[in-house]
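Structure first, commentary second.
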Amino acid sequence: EASMTMEHAAEVVLSLNGSRHAPALASMIRDRLPVGKAAALRGRAALALDQADPPLNMSGTGGKAPKGYEALAPATELLNGMYKEAETKLDLSIITCSRFERNQIMLMQEATRDVASFNGQAADARGQV
788 EASMTMEHAA EVVLSLNGSR HAPALASMIR DRLPVGKAAA LRGRAALALD
838 QADPPLNMSG TGGKAPKGYE ALAPATELLN GMYKEAETKL DLSIITCSRF
888 ERNQIMLMQE ATRDVASFNG QAADARGQV
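Structural data, given as structure tokens:
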């Protein structure tokens with residue numbers, strides 16, 4: 788969406804299931820927002836983050852939080868995983884909807900043929916009267 792704000796984008800990311808497994812990413816997102824907006828986001832996302840799994844050691848540096856460009860690789864990996872999960876769900880939805888649509892089209896065509904057949908039978912019956 789072209790009019791999406793940084794705050795709305797952050798809220799969307801923090802509400803995704805995958806972000807619960809990466810509190811470091813959530814923390815980094817909130818730290819980048821202006822103070823008032825970050826506080827509002829903290830309030831809305833606090834419950835989700837409180838229920839999150841323990842923080843993952845994303846840096847491999849013995850528990851230190853990654854800084855600078857070091858933080859980009861794990862965040863990119865997490866977001867790519869979340870993207871692939873969403874893409875898989877979308878593909879599954881498309882397949883499900885396509886099957887449903889094909890089935891409905893077949894049912895409508897069958898109903899149309901039945902109506903035409905019944906109309907023909909009714910015309911024959913009227914002709915015999």
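Going by the working numbering, the sequence shown wraps up at 916, each residue one higher than the last.
In this text, a Cβ means the ideal position worked out from N, Cα and C, and glycines have one as well.
(1) For Leu801, count the other beta carbons within 10 Å of its own beta carbon; 16 or more makes it buried, fewer makes it exposed. Which is it?
(2) Could you check whether Leu812 and Pro861 sit closer than 9 Å to each other, using their CB atoms as the reference points?
(3) Within the continuous alpha helix (DSSP H) that includes Lys871, where are the two ends?
(4) Between Met791 and Ala858, how many whole angstroms is the CB-CB distance? I'm expecting something under 8 Å.
(5) Whole angstroms are fine: how far does the CA of Ser885 sit from the CA of Thr848?
(6) When we look at the beta-carbon of Ala809 and count the other beta-carbons within 10 Å, is it buried (16 or more) or exposed?
(7) Would the beta-carbon of Ala797 be found less than 8 Å away from any heavy atom of the ligand SAH?
(8) Tell me whether Ser790 sits in a helix, a strand or coil according to DSSP, three-state version.
(9) Starting from Ala811, follow the alpha helix (DSSP H) in both directions and report where the run begins and ends.
Based on what the coordinates show:
(1) Under this definition Leu801 is a buried residue.
(2) Between Pro861 and Leu812, the C-beta spacing is below 9 Å.
(3) Bounds of the alpha helix (DSSP H) holding Lys871 are Leu859 to Gln915.
(4) The C-beta distance from Met791 to Ala858 rounds to 23 Å, too long to fall under 8 Å, and the pair is not in contact.
(5) Its pLDDT being 48, under 50, Thr848 is placed unreliably by the model, and the measurement read from it follows with that caveat. Each residue's Cα considered, the two are about 48 Å apart.
(6) The residue is buried, with at least 16 neighbouring Cβ atoms inside 10 Å.
(7) This structure simply doesn't include the ligand SAH, nor any ligand for that matter.
(8) Coil at Ser790, not helix or strand.
(9) Ala811 -> alpha helix (DSSP H) spans Pro810 to Arg819.
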